[in-house]
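Trainee:
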Amino acid sequence: MLINPDNTVAWRAEYDEWGNLLSEENPEHLEQLIRLPGQQYDDESGPYYNRHRYYNPGQGRYITQDPTGLKGGWNPYTYPLNPVQLSDPLGLTVVFTGDEKTQGELKSAYETIKTSKYGKVMIDTLEKSQKIYTITKGDNNDAWYDHENNHNTIYVDPDYHPDVPVDLVCNNNGKEKASTVALLAHEIGHAYWNTGNEDFIMQNAENPIRKTLNMCIRTEYYNVK
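In this text, residue positions in the sequence shown follow the working numbering: the first is 74, and each later residue adds one.
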């Protein structure tokens, strides 16, 4: 919807879950090219352009491949199979599921991780991968990465904040409540390195991001006294 300075509707439209235009009100005959979800309508060819590739709402799929170089995967044209729950705003291959609150908290942590140099390297690698990664809540009070049978799912409960040991120089208690950012960074590290070695991930994924974001350095993987 577009509103004039006099608070009247200048343009309004309704779309279905796949981005097909259902109805449009355009009393002022405006050229409004933004489509759902944030894609730009290409008037000459018809598809929607969303920064990385073209999407055809009639087919419910992209018509250009995921930008994965030589690693295209089985279906590099896929769109979230359930757009009511899944989101892929950049047309890449990391999607979030869950209720609105959960998705909002996980996306916020995800974007914070991307502000760190190493976090951006890991996330860019996942987003350009031939795999589709899902980030969601899963069970209460848990954070883990499931790579079995190509699930490639990161589970982090935003309300889960376990005590973890940290550097005494940073916190004289020697422990802190792990933030969603720290937990998600750790699990993204598992996906990036494709290993279940917790100490390795702590030293080579979580702690580099903690350091960049001025967080306390974690000293052990769950051995809080």
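A virtual CB, placed ideally from N, CA and C, is assigned to each residue, including glycine.
1. Does Tyr233 come out as helix, strand or coil in the three-state DSSP assignment?
2. Among Leu286, Asn77, Glu97, whose alpha-carbon lies nearest the alpha-carbon of Tyr183?
3. Beta-carbon within less than 7 Å of Asp89's beta-carbon, same chain only, minus the 5 sequence neighbours each way: which residues are those?
4. Given a cut-off of 8 Å, decide if Tyr191 and Ile282 are closer than it, judged by their beta-carbon atoms.
5. Under the rule that 16 or more other beta-carbon atoms within 10 Å means buried, what is Ser118, buried or exposed?
6. Classify Asp230 as buried or exposed, calling it buried when 16 or more other Cβ atoms lie within 10 Å of its own Cβ.
7. Taking Trp266 as part of the alpha helix (DSSP H), name the residues at either end of that continuous run.
8. Could you check the C-alpha separation between Gly146 and Arg124 for me, to the nearest Å?
9. Just to check my reading of the structure: Leu20 and Ala264 have Cβ atoms closer than 8 Å, yes? What is that Cβ distance to the nearest angstrom?
10. Using beta carbons (cut-off 8 Å, strictly below), is Tyr128 in contact with chain D?
11. What residue ranges within the region 176-223 form continuous alpha helix (DSSP H) runs of no fewer than 4 residues, ordered along the chain?
12. Give the single residue among Glu221, Asp219, Val242, Ser252 whose Cα lies nearest to the Cα of Tyr233.
13. What residue range is occupied by the uninterrupted beta strand (DSSP E) comprising Asn129?
Mentor: Reading off the structure:
1. The residue given as residue 233 occupies position 160 in the sequence shown. Three-state result, Tyr233: coil.
2. On the sequence shown, position 110 is the one that residue 183 refers to. It is Leu286 whose Cα lies nearest to the Cα of Tyr183.
3. Locating residue 89 in the sequence shown gives position 16, where the first residue counts as 1. Excluding sequence neighbours, Asp89 sits near Leu95.
4. Sequence index remark: in the sequence shown, residue 282 carries index 209 (1-based). Sequence index remark: in the sequence shown, residue 191 carries index 118 (1-based). In this structure, Tyr191 lies closer than 8 Å to Ile282 by Cβ.
5. If you number the sequence shown from 1, residue 118 lands on position 45. When all chains shown are included, Ser118 counts as exposed.
6. For the purposes of this step, residue 230 is taken as residue 157 along the sequence shown, with counting starting at 1. Buried is the call here.
7. Here residue 266 refers to the residue found at position 193 of the sequence shown. Trp266 -> alpha helix (DSSP H) spans 253-266.
8. Within the sequence shown, numbered from 1, the residue matching residue 146 stands at position 73. Within the sequence shown, numbered from 1, the residue matching residue 124 stands at position 51. Any reading at Gly146 is ruled out, since the residue's pLDDT is 49, under 50, leaving its predicted position unreliable.
9. Outside the modelled stretch of the chain, which goes from 74 to 298, sits residue 20, for which no answer is possible.
10. In the displayed structure, chain D is absent; only one protein chain is listed.
11. 190-200
12. Along the sequence shown, read from residue 1 onward, the residue named residue 233 stands at position 160. Ranking the options by Cα distance to Tyr233, first place goes to Ser252.
13. In the sequence shown, counting from the first residue as 1, residue 129 sits at position 56. 127-129 is the extent of the beta strand (DSSP E) around Asn129.
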